[in-house]
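Chains as they are written, first to last, in numbering that gives the first Met the number 0: chain B, 0 to 449; chain C, 0 to 449.
2 protein chains.
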Amino acid sequence: MARVQKLSGFPEWLPDGQVVQQLVEDTARRVFELHGFSGIETRAVEPLEQMLRKGEIDKEVYVLRRLQAEGEDPDAGLGLHFDLTVPFARYVLEHAGHLDFPFKRYQIQKVWRGERPQEGRFREFTQADIDVVGRDVLSFHHEVEMAVVMSALLAELPIPAAVIQVNNRKLAEGFYRGVGASDTAAVLRVIDKLDKVGAEVVLRLLVEEAGLTPEGAQRCLDLAQIRTPDSSFAAEVRALGVADELLDEGIDELAAVVDGVNARRPGAVVADLRIARGLDYYTGTVYETQLLGYESVGSIASGGRYDSLASDGRQTFPGVGISLGVTRLVSILLGRGLVEVSRPVPSAVLVAVVDEDARPASEQVAADLRSRGIACEVAPKADKFGKQIKYADRRGIPFVWFPDPAGDSVKDIRSGEQVPSDAASWAPPTEDRHPTVRPVSPDTSQEARP
Amino acid sequence: MARVQKLSGFPEWLPDGQVVQQLVEDTARRVFELHGFSGIETRAVEPLEQMLRKGEIDKEVYVLRRLQAEGEDPDAGLGLHFDLTVPFARYVLEHAGHLDFPFKRYQIQKVWRGERPQEGRFREFTQADIDVVGRDVLSFHHEVEMAVVMSALLAELPIPAAVIQVNNRKLAEGFYRGVGASDTAAVLRVIDKLDKVGAEVVLRLLVEEAGLTPEGAQRCLDLAQIRTPDSSFAAEVRALGVADELLDEGIDELAAVVDGVNARRPGAVVADLRIARGLDYYTGTVYETQLLGYESVGSIASGGRYDSLASDGRQTFPGVGISLGVTRLVSILLGRGLVEVSRPVPSAVLVAVVDEDARPASEQVAADLRSRGIACEVAPKADKFGKQIKYADRRGIPFVWFPDPAGDSVKDIRSGEQVPSDAASWAPPTEDRHPTVRPVSPDTSQEARP
Numbered sequence: 000m001a002r003v004q005k006l007s008g009f010p011e012w013l014p015d016g017q018v019v020q021q022l023v024e025d026t027a028r029r030v031f032e033l034h035g036f037s038g039i040e041t042r043a044v045e046p047l048e049q050m051l052r053k054g055e056i057d058k059e060v061y062v063l064r065r066l067q068a069e070g071e072d073p074d075a076g077l078g079l080h081f082d083l084t085v086p087f088a089r090y091v092l093e094h095a096g097h098l099d100f101p102f103k104r105y106q107i108q109k110v111w112r113g114e115r116p117q118e119g120r121f122r123e124f125t126q127a128d129i130d131v132v133g134r135d136v137l138s139f140h141h142e143v144e145m146a147v148v149m150s151a152l153l154a155e156l157p158i159p160a161a162v163i164q165v166n167n168r169k170l171a172e173g174f175y176r177g178v179g180a181s182d183t184a185a186v187l188r189v190i191d192k193l194d195k196v197g198a199e200v201v202l203r204l205l206v207e208e209a210g211l212t213p214e215g216a217q218r219c220l221d222l223a224q225i226r227t228p229d230s231s232f233a234a235e236v237r238a239l240g241v242a243d244e245l246l247d248e249g250i251d252e253l254a255a256v257v258d259g260v261n262a263r264r265p266g267a268v269v270a271d272l273r274i275a276r277g278l279d280y281y282t283g284t285v286y287e288t289q290l291l292g293y294e295s296v297g298s299i300a301s302g303g304r305y306d307s308l309a310s311d312g313r314q315t316f317p318g319v320g321i322s323l324g325v326t327r328l329v330s331i332l333l334g335r336g337l338v339e340v341s342r343p344v345p346s347a348v349l350v351a352v353v354d355e356d357a358r359p360a361s362e363q364v365a366a367d368l369r370s371r372g373i374a375c376e377v378a379p380k381a382d383k384f385g386k387q388i389k390y391a392d393r394r395g396i397p398f399v400w401f402p403d404p405a406g407d408s409v410k411d412i413r414s415g416e417q418v419p420s421d422a423a424s425w426a427p428p429t430e431d432r433h434p435t436v437r438p439v440s441p442d443t444s445q446e447a448r449p
Numbered sequence: 000m001a002r003v004q005k006l007s008g009f010p011e012w013l014p015d016g017q018v019v020q021q022l023v024e025d026t027a028r029r030v031f032e033l034h035g036f037s038g039i040e041t042r043a044v045e046p047l048e049q050m051l052r053k054g055e056i057d058k059e060v061y062v063l064r065r066l067q068a069e070g071e072d073p074d075a076g077l078g079l080h081f082d083l084t085v086p087f088a089r090y091v092l093e094h095a096g097h098l099d100f101p102f103k104r105y106q107i108q109k110v111w112r113g114e115r116p117q118e119g120r121f122r123e124f125t126q127a128d129i130d131v132v133g134r135d136v137l138s139f140h141h142e143v144e145m146a147v148v149m150s151a152l153l154a155e156l157p158i159p160a161a162v163i164q165v166n167n168r169k170l171a172e173g174f175y176r177g178v179g180a181s182d183t184a185a186v187l188r189v190i191d192k193l194d195k196v197g198a199e200v201v202l203r204l205l206v207e208e209a210g211l212t213p214e215g216a217q218r219c220l221d222l223a224q225i226r227t228p229d230s231s232f233a234a235e236v237r238a239l240g241v242a243d244e245l246l247d248e249g250i251d252e253l254a255a256v257v258d259g260v261n262a263r264r265p266g267a268v269v270a271d272l273r274i275a276r277g278l279d280y281y282t283g284t285v286y287e288t289q290l291l292g293y294e295s296v297g298s299i300a301s302g303g304r305y306d307s308l309a310s311d312g313r314q315t316f317p318g319v320g321i322s323l324g325v326t327r328l329v330s331i332l333l334g335r336g337l338v339e340v341s342r343p344v345p346s347a348v349l350v351a352v353v354d355e356d357a358r359p360a361s362e363q364v365a366a367d368l369r370s371r372g373i374a375c376e377v378a379p380k381a382d383k384f385g386k387q388i389k390y391a392d393r394r395g396i397p398f399v400w401f402p403d404p405a406g407d408s409v410k411d412i413r414s415g416e417q418v419p420s421d422a423a424s425w426a427p428p429t430e431d432r433h434p435t436v437r438p439v440s441p442d443t444s445q446e447a448r449p
């Protein structure tokens, strides 16, 4: 293994970066479980035919082939999943007889997309999803719940302020219909490009590709530029003078989500009528999330309501979900130097070794500390104490323990203070027990190590 | 998505099974961190050329292809990793400049092998690995450490008793050389089949394929049948009358591991001289682990010492590691009904909803409970209370909370006891806070649901 090849788009962290990734995943899991979501994992592969339904044919899916396959390959037609929603829909159909509905699940796993890597976009990345799925029906209040849970999670992370932008497919579709669009999906696809190509190009495309009149196109653009922190968007939409039943329904739903979420988490969401979401299986509320000051890397948490992603012909399973882009978020925190990790190792204590014959005594100290939940390691070599202290210092281990038949002692190598100690009772201060992640302002950040 | 296809070899658990899998992973992580191992994750893919070194050409690797790839595919030649050791070796080489040695890491991830599925063998499965890697040198005591840590982990899991079987490559190779073998790897490969094909076939193959004399073959078979709970194996090996320097070194090392581990964890390991391990990169101690009563499913934790898996030409990185087969273990626990899960949902409390207009009051109760770390959910529908209690009962949620302007109350739906309660102070008993996993004897087990 002489040559090592760095693979673009497949991020890997050093141990201190992994501390940050683990913190994000642990926090997600804790918040999801506090809200009653059960954890599941689905296999990494799905039949291609299922993944490529719903207009997803342009997804860059990785297809599998067995290296040793001869003749008919039973694994032909399998691909790595590109999100956690399609596998979850399949899981619900496969196991419906064993699940209780509405079924609330979270899922924290890697997904793969063969896309061109760029900041915030990877070929392999971790997502943390929650979804609620009902059998045949799903109450609207879950569309409020998704944003409340994601907001609670984001508030617990050591990250810049984030705001969830909410829109509603019924509102958009009804409006597009109301201005005379025959292909509302085409309008949506064009509007989705607004951030990238700008207003002028969008106006042109709405006429050329979506078949709108110039006036209709202008109104769709006006709609996309409405953004309010509360339900006042409704009056702005109505002022555009478009009438449609579905539009009215969408306005009511969006107002209920924005007001419902902000009542419980003030300022957590805004109504933003340019939010489109590329995937065409959404049918109601849609979510995207901006990390303030880092909008250019794209949404860090997205999702929406889908009425018919999963159906076995007899029954349908409507759902709503939202997904945190764990890798995208962690890559911003590490790449922009927004966090500081106290140490890359779990050990709070290095137990020194006096000489190799006395290693069992040091192992016993370590066992005693571990039995009380204190992470520690025994020095790998009975070097001079100065060298063992340097070993601890290089790893950021705050305490060095010196076994001594005349009485043990422990040294805080930051302050130099050394005190008598008993492995059966001593404990480090709470803040030193585990590695910690501290937010830092970008100005004072150190060079991030990817 | 009308038809759903079950994929053999890609196991998935229902939420209660996932509680078991999560417990195993959490326990592994906690024990590994207590022993000072840092967590890392490596990407799921590696260049094929690196994975297929070291005689691994017969591995059933899954190769990737981009569905939309045209012309030269930059991802051609990538495969899914089939273990976590080869990726770790590559990680060490790639990041050596940023790591401190000896470097102790754990890694809990999925791996993929395109093998024929059978009990205990999967195409996708999770492993939990620890390794210690040094730069140029690695002290022998880490070969004791691996078995101590794995034994500590196994002791914390709700599983049948397990015993780690240890052997030593130097011992085996020295012995084979001592009986005249010119290709010791060939002898090892034949001995590795002993459990599957039996003594007679092994004797024949040792002569026909490994070129031994019938007498030499018999001695190798005698060696493989030595198994002792302590270092008394040494006398039994010497009684076979084979002399070799490497053999002596191997005997000393194996005795040191068996005595060293058992001094700290009595009965944790046995010397078992038939343990070969298929992978040919091992150079010293090798480990396998039997789950007593379930030996037929194969080793649940395996590993060994390797001197030269990772090298960049200038420096080498010798290491030793051991890997817990998480999916194999969980599949035994679930498939044989060896554990009972208290409930499949995290919620300890269902907060009832009096009517839909009063939902915010129920949400407030839930928020208060969650702020004190109590997982709960709000009833999805303002049904009659009897129906809401049934909802909780179906999920195994032990408590139902009734908000009431005149004073809230909470009901233990198992006993029927209902008491006045305050969301700012009430807490469930500790044993009801989280789902629990209890070992059960196979006789009283329920039908397992995969």
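Yeah, the Cβ is synthetic: ideal placement off N, Cα and C, and Gly gets one too.
Neighbouring residues, chain C, relative to residue i (Cβ below 8 angstroms)
i              : result
G78 (chain B)  : L66
E208 (chain B) : By Cβ distance, chain C contributes nothing, its closest Cβ being about 22 angstroms from E208 (chain B), past 8 angstroms.
Amino acids of chain B, ordered along the chain, whose beta-carbon sits closer than 8 angstroms to that of residue i
i             : result
T41 (chain C) : E11
Y90 (chain C) : E11
For residue j and residue i, the rounded distance between their alpha carbons
i              : j              : result
A267 (chain B) : L156 (chain B) : 14 angstroms
F9 (chain C)   : V18 (chain C)  : 18 angstroms
R115 (chain B) : V147 (chain B) : 33 angstroms
I56 (chain B)  : L211 (chain C) : Because the pLDDT of I56 (chain B) is 47, which lies under 50, any placement of that residue in the model is unreliable, and the number read from its coordinates should be weighed accordingly. Cα-Cα distance, rounded: 59 angstroms.
L6 (chain B)   : P228 (chain C) : 47 angstroms
S295 (chain C) : Q21 (chain C)  : 25 angstroms
G16 (chain C)  : S408 (chain B) : 46 angstroms
R226 (chain B) : L272 (chain B) : 6 angstroms
Q49 (chain B)  : H80 (chain C)  : 25 angstroms
R65 (chain B)  : V60 (chain C)  : 6 angstroms
Three-way DSSP call (helix, strand, coil) for residue i in this model
i              : result
V296 (chain C) : helix
F384 (chain C) : helix
A270 (chain C) : strand
G169 (chain C) : A small correction: the amino acid at residue 169 (chain C) is Lys; Gly does not occupy that position in the sequence shown. Correct three-state label for K169 (chain C): helix.
R432 (chain B) : helix
K103 (chain B) : strand
T41 (chain C)  : coil
E208 (chain C) : coil
I56 (chain C)  : Any reading at I56 (chain C) is ruled out, since the residue's pLDDT is 47, under 50, leaving its predicted position unreliable.
A366 (chain C) : helix
K195 (chain B) : helix
I331 (chain C) : helix
K479 (chain C) : Only positions 0 to 449 of chain C appear in this structure, which leaves residue 479 (chain C) out of reach.
Where residue i meets chain C, residues with beta-carbon distance less than 9 angstroms
i              : result
D135 (chain B) : Neighbours of D135 (chain B) on chain C: none; closest Cβ ~13 angstroms, over 9 angstroms.
R358 (chain B) : H140
Of the residues the options, the one placed nearest residue i, counting alpha carbons only
i              : options                        : result
V436 (chain C) : C:I396, C:V399, C:L332         : C:L332
A171 (chain C) : C:P116, C:A146, C:Q106, C:T284 : C:T284
E453 (chain B) : B:A180, B:P379, B:V364, B:D367 : Any answer about residue 453 (chain B) is impossible in this case: the structure gives chain B only from 0 up to 449.
V85 (chain B)  : B:D431, B:S322, B:L66          : B:S322
S231 (chain B) : B:D258, B:L245, B:A209         : B:D258
P434 (chain C) : C:L222, C:A43, C:C375          : C:C375
D421 (chain B) : B:G320, B:S414, B:R371, B:G406 : B:G406
R358 (chain B) : B:A381, B:E339, B:V110         : B:A381
A270 (chain C) : C:F124, C:A234, C:L239, C:Y305 : C:A234
S310 (chain B) : B:D135, B:G38, B:V352, B:W12   : B:D135
If contact is defined by three or more beta carbon pairs under 8 angstroms, each pair taking one atom from either stretch, is the region 347-356 of chain C in contact with the region 311-321 of chain C? no
Segment contact, 8 angstroms Cβ cut-off, at least three pairs: the region 199-219 of chain B with the region 286-303 of chain B: no
Please determine if the region 24-36 of chain C and the region 97-106 of chain C are in contact, where contact requires at least 3 C-beta pairs separated by less than 8 angstroms. yes
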